[in-house]
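*Asks:*
In this note's numbering, the protein residues as written are 16 to 157.
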C-alpha cells in the first residue's frame, strides 16, 4: 500500500539542474518513482529532445544533512562508493516515466544500522520547461 509520497519540483527557467533528497521517515519500501517534464507554453509533455537526465540512488544517511542539502553535498553522496543506484536515465531518453515495484516494494535500504536516504539529480533541464519527481512510499507506520 502506498501510504505517502514525496514530490520534488523543477523549473528550467530557475536553473538547469535539480538536486534533491528524500528521507524514508518510517517507510519500509519505495513503491514507485515517476517524473514528468512539461512545456510551460503548451502544457504538454516535452519530446525526447528536451528530456533531462535523471539519477536516483540510495545514499548513506550520514552523507545528507537534510532534504534541502546543497548540490555539492548531493553530488558527493551520489559519488560515494556505498551508494546503491536505482535509476540512471541519460539525457534525451525519457521526458515522462513511471517505474513501479511490480508488486513488492523496493525495500528501504539500510547501512551501518541506519536507513539510507534517496538522493536525486535531474540535469539538463531546458528553459521553458518544468516538472517534478514523485516517490511513492510503503509502510506500516508512515
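From the three backbone atoms N, C-alpha and C, an ideal C-beta is built for every residue, glycine too. Just so we're clear, the structure is a prediction, and the values are computed from it rather than from any experiment.
Under 8 Å by Cβ, that's how I've got residue 36 and residue 123 pegged, so tell me the actual separation to the nearest angstrom.
*Replies:* Position 21 of the chain shown, counted from the first residue, corresponds to residue 36. Position 108 of the chain shown, counted from the first residue, corresponds to residue 123. The pair is not a contact, with the Cβ atoms about 14 Å apart (cut-off 8 Å).
*Asks:* Label residue 98 either buried or exposed according to how many other C-beta atoms from any shown protein chain fall within 10 Å of its C-beta, with 16 as the threshold for buried.
*Replies:* Mapped onto the chain shown, residue 98 falls at position 83. So residue 98 ends up on the buried side.
*Asks:* Under 8 Å between the Cβ atoms of residue 114 and residue 48?
*Replies:* Position 99 of the chain shown, counted from the first residue, corresponds to residue 114. Position 33 of the chain shown, counted from the first residue, corresponds to residue 48. For residue 114 and residue 48, yes; Cβs fall inside 8 Å.
*Asks:* To test your reading of the DSSP string, which unbroken beta strand (DSSP E) runs of 3 or more residues are found completely within the stretch 17–88?
*Replies:* As far as the stretch 17–88 is concerned, its whole beta strand (DSSP E) runs of at least 3 residues are 17–26, 32–37, 44–54, 68–74.
*Asks:* Assign residue 20 to one of two classes, buried (16 or more other C-beta atoms within 10 Å of its C-beta) or exposed (fewer than that).
*Replies:* Position 5 of the chain shown, counted from the start, is the residue given in the question as residue 20. The residue is exposed, with fewer than 16 neighbouring Cβ atoms inside 10 Å.
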